[in-house]
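First the structure, in the form of structure tokens, and then the observations on it.
In full-length UniProt numbering, the protein residues as written are 1 to 497.
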């Protein structure tokens, strides 16, 4: 299927087209992207939220093995966006990358659903599950593709405002989808079985593909591949290593950079970055030697200052990313140990039974509550105490988030202590579904989800740091996902699970 109506980013199409017509086209294109994102989100969270129970009930995994499988899958899924970004930036345009990964996702949901219906081998289910994880790598590319639809290079404040509004709507569509997947679809799985519970996400993924392809004609701006940030990083490292014995000039103006007064760098669509004095050994990659002048230019021997500064930006962010690993290691408990804990608690509200996985949605309204509370109450108070225009620095805010995260984990631990005491004192009762429950309400889990939402608001400062950096490269989620395997190893070393 050919992408019709394609224009490179920076071109404005037919000059005779009225501005209102172009805006109308952009609005339709963004609408298709947002609805697609909502359906994809609902399908993904419908599959992942209650996954630990599927592995435990249907595939007969133990609690520890099921939790390990979920964290391994989440870790692999978190690194997969690197592959999608590499393809989009180096070979395929974002449109074709999204289409490819959407189809991979549909195939994954189909295999998972077939496994649930026909009780196939567990290897088949895991194959489909990892295809879903790979297909989910498209979300960052989808967000960038939506941003491409706005002509922000024209320095139009209104256009920049519309792009900012798009990101708000993109996050909202993700939130709505996650709420539907984490409540309605989890309830379907609990009340009507896994066949229907996994069949609906498969159907939603098909609808998502159809919606994205239906909007092809409305996508008016397509950014051509500009090269992978990973490749540029490797080029800087190789070039600097080759010139390890070359002296770096004290005058940064002597370093290699693209000529021109337009402020643009050699990286397509990116502006030049100013030289900084940190990590000076990397500047060797931008030193032009006599050998460089005598042979055709090679990015593996000579890099621009902007390219070097791009790597410096990433190095400065490493401490923030390392802190993110700690947060993610705790946050991954939401879809594993929190749910396993809730499975043993009393789920009744009158005659209605609340699935343990449904309680994960309390994290979302908690975030929605804490964000305005932080902006309207906490920041003004902190501004008076610290004289900082934002109330807290970004690192302070992130540190507060870690303190709150500790409180959330302590809250969950205190509930576990109480659960064990009630179990030792009163034993269990048999529910209508035949399962054994501790006579302690499942809603005692709500506080730990609410506190966790407050911690997530603090974590956003690391995301803000990433968005404010002038780097052309972004891989925020990938180092964080390494915590999934660390969590797995910790569980394997704990025989009490």
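Cβ atoms here follow ideal geometry from the backbone N, Cα and C, with glycine treated the same way. Every value quoted in this text rests on a predicted model; they were computed, and no experiment measured them.
Discussion item. For residue 347 and residue 442, what's the separation of their Cα atoms in angstroms?
Written reply: The straight-line gap separating the alpha-carbon atoms of residue 347 and residue 442 is approximately 5 Å.
Discussion item. With H, G and I counted as helix, E and B as strand and the rest as coil, what does DSSP make of residue 275?
Written reply: In this structure, residue 275 counts as coil in the three-state DSSP scheme.
Worksheet item: Are residue 148 and residue 232 touching if we call contact CB-CB under 9 Å?
Response: Contact: no.
Worksheet item: So is residue 393 buried or exposed if we call it buried at 16+ other beta carbons inside 10 Å?
Response: The residue in question, residue 393, is exposed, as its Cβ has fewer than 16 Cβ neighbours within 10 Å.
Item to complete: Starting from residue 437, follow the beta strand (DSSP E) in both directions and report where the run begins and ends.
Response: Per DSSP, the unbroken beta strand (DSSP E) holding residue 437 starts and ends at 436 to 441.
Worksheet item: Does the Cβ of residue 172 have 16 or more other Cβ atoms within 10 Å, making it buried, or fewer, making it exposed?
Response: Burial call: exposed.
Fill in: residue 28 versus residue 215: straight-line alpha-carbon distance, rounded
Residue 28 and residue 215 have their C-alpha atoms some 8 Å from each other.
Item to complete: Going by CA-CA distance only, name the one from 300, 58, 181, 162 that's closest to residue 39.
Response: When the alpha-carbon of residue 39 is set against those of 300, 58, 181, 162, the nearest one is in 181.
Item to complete: For residue 196, collect the residues of the same chain with a Cβ closer than 7 Å to its Cβ; drop the 5 residues on either side in sequence, then sort them by chain order.
Response: Correct list, in chain order: 188.
Worksheet entry | For residue 69, the first and last residue of its enclosing alpha helix (DSSP H) | Start and end: 63 to 79.
Item to complete: State the Cα-Cα distance for the pair residue 245 and residue 295, rounded to the nearest angstrom.
Response: In this structure, the CA atom of residue 245 is about 19 Å from the CA atom of residue 295.
Worksheet item: Quick one: is residue 355 buried, meaning 16 or more other Cβ sit within 10 Å of its Cβ, or exposed?
Response: So residue 355 ends up on the buried side.
Fill in: The alpha helix (DSSP H) enclosing residue 244, as first and last residue numbers
For residue 244, no alpha helix (DSSP H) run applies, since DSSP gives it neither H nor E.
Worksheet item: Since residue 348 sits in a beta bridge, which residues does DSSP pair it with?
Response: Within the DSSP bridge table, the entry for residue 348 names 353 as partners.
Practice prompt. Mark residue 315 as exposed unless 16 or more other C-beta atoms lie within 10 angstroms of its C-beta, in which case mark it buried.
Written response: Residue 315 counts as exposed, since fewer than 16 other beta carbons sit within 10 angstroms of its beta carbon.
Practice prompt. Assign residue 284 to one of two classes, buried (16 or more other C-beta atoms within 10 Å of its C-beta) or exposed (fewer than that).
Written response: Buried, by the Cβ-count rule.
Item to complete: Take residue 130 as the anchor and find which of 145, 151, 105 has the nearest alpha-carbon.
Response: It is 105 whose Cα lies nearest to the Cα of residue 130.
Worksheet entry | Neighbourhood of residue 440 by C-beta, 8 Å cutoff - its chain only, sequence neighbours within 5 removed | Here residue 440 has 345, 346, 418, 419, 422 as same chain residues with Cβ atoms under 8 Å from its own Cβ, once five neighbours each way along the sequence are excluded.
Item to complete: Measure the C-alpha to C-alpha separation of residue 47 and residue 175 and round it to an integer number of angstroms.
Response: When the Cα atoms are used, residue 47 and residue 175 turn out to be separated by approximately 15 Å.
Item to complete: Examine the Cβ distances between the segment 357 to 364 and the segment 79 to 94 and report whether three or more of them are shorter than 8 Å.
Response: The segment 357 to 364, when compared against the segment 79 to 94, does not touch it at the 8 Å Cβ threshold.
Item to complete: Please report how far the alpha carbon of residue 291 lies from the alpha carbon of residue 270, in whole angstroms.
Response: Whole-angstrom Cα-Cα distance: 28 Å.
Worksheet entry | DSSP beta-bridge partners of residue 429 | According to the DSSP secondary-structure assignment, residue 429 is paired through a beta bridge with 437.
Practice prompt. Use the C-beta contact count for residue 254: other C-beta atoms within 10 angstroms, 16 or more gives buried, fewer gives exposed.
Written response: Classification of residue 254: exposed, given that the 10 Å Cβ count is below 16.
Discussion item. Just to check my reading of the structure: residue 445 and residue 350 have Cβ atoms closer than 8 Å, yes? What is that Cβ distance to the nearest angstrom?
Written reply: Not quite, the Cβ-Cβ distance comes to about 19 Å (not below 8 Å), so this is no contact.
Item to complete: Return the first residue and the last residue of the alpha helix (DSSP H) that residue 54 is part of.
Response: Residues 51 to 57.
Practice prompt. Using the Cα positions of residue 35 and residue 168, report the straight-line distance between them to the nearest angstrom.
Written response: Roughly 14 Å between the two C-alpha positions.
Discussion item. Does the segment 206 to 220 come into contact with the segment 101 to 118, if we say contact requires no fewer than three beta-carbon pairs (one atom in each stretch) closer than 8 Å?
Written reply: Touching, yes.
Practice prompt. For residue 434, count neighbouring Cβ atoms within 10 angstroms of its own Cβ and tell me buried if that reaches 16, exposed if not.
Written response: Exposed: under 16 other Cβ atoms inside 10 Å.
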